[in-house]
Amino acid sequence: MIVLKYIEDKDIFERLYRNRLAKRLIGQLSDSDDHEKSMVIQLQRKCGFEYPSKLERMLQDVDVSKTLTSDYEKYCENHHLTNIVNFSIMVLTSNSWSFPEIPSLVIPTELKSTWNSFINFYNHVHNGRKLIWLHQYSKGELQTSFTSQKYIFQVSTYQMAVLLLFNKFLIWTVERLHDETQIKLDTLLQVISNEDFKHTNIQMNYVIHLSNDFKSKKLRLNLNVPLKYIDQKSISVDDTINNDRRMVIQATIVRIMKARQILEYPLLIQEVIQQLTPRFIPKISVIKKTIDTLIENQYLERQSDDKNILKYLAYEGTSPTDTKLFSSDPMHKVGPSE
Numbered sequence: 000m001i002v003l004k005y006i007e008d009k010d011i012f013e014r015l016y017r018n019r020l021a022k023r024l025i026g027q028l029s030d031s032d033d034h035e036k037s038m039v040i041q042l043q044r045k046c047g048f049e050y051p052s053k054l055e056r057m058l059q060d061v062d063v064s065k066t067l068t069s070d071y072e073k074y075c076e077n078h079h080l081t082n083i084v085n086f087s088i089m090v091l092t093s094n095s096w097s098f099p100e101i102p103s104l105v106i107p108t109e110l111k112s113t114w115n116s117f118i119n120f121y122n123h124v125h126n127g128r129k130l131i132w133l134h135q136y137s138k139g140e141l142q143t144s145f146t147s148q149k150y151i152f153q154v155s156t157y158q159m160a161v162l163l164l165f166n167k168f169l170i171w172t173v174e175r176l177h178d179e180t181q182i183k184l185d186t187l188l189q190v191i192s193n194e195d196f197k198h199t200n201i202q203m204n205y206v207i208h209l210s211n212d213f214k215s216k217k218l219r220l221n222l223n224v225p226l227k228y229i230d231q232k233s234i235s236v237d238d239t240i241n242n243d244r245r246m247v248i249q250a251t252i253v254r255i256m257k258a259r260q261i262l263e264y265p266l267l268i269q270e271v272i273q274q275l276t277p278r279f280i281p282k283i284s285v286i287k288k289t290i291d292t293l294i295e296n297q298y299l300e301r302q303s304d305d306k307n308i309l310k311y312l313a314y315e316g317t318s319p320t321d322t323k324l325f326s327s328d329p330m331h332k333v334g335p336s337e
């Protein structure tokens, strides 16, 4: 926490910390939930309660998801649902978590009953919310039946979708696997490749089959190797941070003008800088552009007799912060961990 005192762009630190916290929480890699919560409390003390608010909501999502998983298990018992795969769920509010593009996937037949039953359960509990499944973060276990020795494979949902297809047919082409699963081709090629069979050399007409003579000294094998994604979030991180800053600057200007009603242009800029400096140092050019935008949208106006005086117009109705920044989002993202 001593280092944080010397970081000017604390919003960048928060975003990077949030990305790493998300990986720990989704991958269940945290040493202790109490340690994660303790860090959030320290950030609140150093930077104010608003600063780590998304981190706090992320931890709350994890706690709520544990309760939700327990409630779903009781729901299955009460409705005598016996053909359900044992799994736990994480429901993540979209406003607090940041994820790259959601890849497509056709749910395997063996999982559809569980998938549909949870959707029915969730819609009953939370009517009106939309679930988006984060298959790229999900994982599970499969037991082999094609080998003399039984093995348990720890696999990603993509690997599971491909392997379960071999319950239908023993031989598949890459093209048929792609059509059946709808997994993005680059991802699919990584799923079916190995060290001797590089995905860059795989053609669509290549034939894929199970290795019937597969043997291993381990009875439980972790095949869930991280896939290489072109993370659009990383590519455009500067754009994302700049966009977030513009939104914060806009909210700050509106908050100041709503309280003051009339204010000189230079004093408004000065006050915006003063309020935001503990979080990041805003550029004057961005503040000016944001003021111009608010004037164009008729939230502010320049006084006719003195262009250096700004007046707040939105006395009634919704403000730009109400409509753009703090709207409730019913969309939830879901990532089953097993």
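All the letters of the sequence shown, read from the start, carry residue numbers 0 to 337 under numbering that gives the first Met the number 0.
Built from N, CA and C at the ideal position, the CB exists for glycine as well.
Boundaries of the beta strand (DSSP E) in which S155 is found, first to last residue | On the sequence shown, residue 155 is found 156 positions in, with the first residue counted as 1. First-last of the beta strand (DSSP E) with S155: 151-155.
Expressed to the nearest angstrom, what Euclidean distance is found between the alpha-carbon atoms of I88 and C75?
-> Against the sequence shown, residue 88 aligns to sequence position 89. Against the sequence shown, residue 75 aligns to sequence position 76. Cα-Cα distance, rounded: 14 Å.
Residue interval of the beta strand (DSSP E) (run including V173) | Here residue 173 corresponds to residue number 174 of the sequence shown, with the count starting at 1. No beta strand (DSSP E) holds V173; the alpha helix (DSSP H) holding it covers 173-180.
How many Å lie between L133 and T239 at the Cα?
-> Residue numbering aside, residue 133 sits at position 134 when the sequence shown is read from its first letter. Residue numbering aside, residue 239 sits at position 240 when the sequence shown is read from its first letter. About 21 Å.
Whole-angstrom Cβ separation of Y205 and V253, contact assumed at under 8 Å?
-> Taking the first residue of the sequence shown as 1, we reach residue 205 at position 206. Taking the first residue of the sequence shown as 1, we reach residue 253 at position 254. Not a contact, Cβ separation roughly 58 Å.
Among the residues of its own chain, which have a CB less than 8 Å from the CB of T108, if the five just before and after it don't count?
-> Within the sequence shown, the letter at position 109 stands for residue 108. Excluding positions up to five away in sequence, the list reads L163.
Do the stretch 114-128 and the stretch 47-55 touch if we need at least three Cβ pairs shorter than 8 Å?
-> The stretch 114-128 makes no contact with the stretch 47-55; the number of CB pairs closer than 8 Å stays below 3.
For I294 versus Q302, is the C-beta distance shorter than 8 Å?
-> As a working note, residue 294 is residue 295 in the sequence shown. As a working note, residue 302 is residue 303 in the sequence shown. Against a cut-off of 8 Å, the Cβ pair of Q302 and I294 comes out as no contact.
C-alpha gap between H123 and L312, whole angstroms = Along the sequence shown, one-based indexing puts residue 123 at 124. Along the sequence shown, one-based indexing puts residue 312 at 313. Roughly 43 Å between the two C-alpha positions.
Which residues does DSSP pair with K22 in a beta bridge?
-> Taking the sequence shown and counting its residues from 1, the one referred to as residue 22 is at position 23. BP columns for K22 are empty, so no partner.
Between the CA atoms of I272 and G316 - distance to the nearest angstrom | Locating residue 316 in the sequence shown gives position 317, counting from the first residue. Locating residue 272 in the sequence shown gives position 273, counting from the first residue. Here G316 scores only 47 on pLDDT, less than 50, and its place in the model should not be relied on; the value that follows carries that caveat. Roughly 27 Å between the two C-alpha positions.
Roughly how many whole angstroms lie between the Cα atoms of D60 and D243?
-> Along the sequence shown, read from residue 1 onward, the residue named residue 60 stands at position 61. Along the sequence shown, read from residue 1 onward, the residue named residue 243 stands at position 244. Computed Cα separation, rounded: 22 Å.
Just tell me which of T81, L266, E13 has its CA closest to the CA of Q43.
-> On the sequence shown, position 44 is the one that residue 43 refers to. Comparing Cα-Cα distances from Q43 to each of T81, L266, E13, the minimum goes to E13.
Please specify which runs of the alpha helix (DSSP H), each continuous and at least 4 residues long, are wholly inside the stretch 30-118, giving them in chain order.
-> 32-46, 52-77
Other residues of its chain near R56: CB distance less than 7 Å, five sequence neighbours each side excluded | What you label residue 56 is simply residue 57 of the sequence shown in a count that begins at 1. The beta carbon of R56 lies closer than 7 Å to those of T92, S95 in the same chain, with the five residues before and after it left out.
Closer than 8 Å to chain C by CB, G47 | Among the chains in the structure shown there is no chain C, since it carries only a single protein chain.
Between the beta-carbon of L222 and the beta-carbon of Q135, is there less than 8 Å?
-> The residue labelled residue 222 in the question sits at position 223 within the sequence shown. The residue labelled residue 135 in the question sits at position 136 within the sequence shown. Result no, Cβ atoms of L222 and Q135 do not sit closer than 8 Å.
Grouping DSSP H, G and I as helix and E and B as strand, with all else coil, what is V224?
-> Counted from its first residue, the sequence shown places residue 224 at position 225. Three-state DSSP puts V224 in coil, outside helix and strand.
Whole angstroms is fine: what's the gap from L251's alpha carbon to N296's?
-> Walking along the sequence shown from the start, residue 251 turns up at place 252. Walking along the sequence shown from the start, residue 296 turns up at place 297. Residue identity check: residue 251 is Thr in the sequence provided, not Leu. Their Cα atoms are separated by approximately 16 Å.
Grab the span of the beta strand (DSSP E) containing Y311 for me, first residue to last.
-> Along the sequence shown, read from residue 1 onward, the residue named residue 311 stands at position 312. Run containing Y311: 305-311, per the beta strand (DSSP E) assignment.
Span of the alpha helix (DSSP H), counted from its first residue to its last, around K216 = One-based indexing of the sequence shown puts residue 216 at position 217. Where K216 is concerned, there is no enclosing alpha helix (DSSP H), given that its DSSP letter is neither H nor E.
What three-state label does DSSP hand Q148 in the structure shown?
-> Looking up residue 148 in the sequence shown gives position 149. Three-state DSSP puts Q148 in coil, outside helix and strand.
Where does S147 land, buried or exposed, given buried means 16+ other C-beta within 10 angstroms?
-> Translated into the one-based positions of the sequence shown, residue 147 becomes position 148. S147 is exposed by the Cβ-count criterion.
Would the beta-carbon of I151 fall within 8 Å of that of Q158?
-> Walking along the sequence shown from the start, residue 151 turns up at place 152. Walking along the sequence shown from the start, residue 158 turns up at place 159. Taking a C-beta distance under 8 Å as the contact criterion, I151 and Q158 do not qualify as a contact pair.
So I286 packs on I248, CB below 8 Å; how close in whole Å?
-> Walking along the sequence shown from the start, residue 286 turns up at place 287. Walking along the sequence shown from the start, residue 248 turns up at place 249. Contact flag correct, Cβ pair sits at about 6 Å.
Spatial neighbours of D8 in its chain, beta-carbon cut-off 8 Å, leaving aside the 5 residues before and after = Indexing the sequence shown from 1 puts residue 8 at position 9. Excluding sequence neighbours, D8 sits near F279, I280.
Report the option in K288, I40, L226 whose CA atom is closest to the CA atom of K138.
-> Mapped onto the sequence shown, residue 138 falls at position 139. When each option's Cα is compared against that of K138, the closest is L226.
Determine which residues share a DSSP beta bridge with I261 and list them.
-> For the purposes of this step, residue 261 is identified with residue 262 of the sequence shown, where counting begins at 1. Per DSSP, K310.
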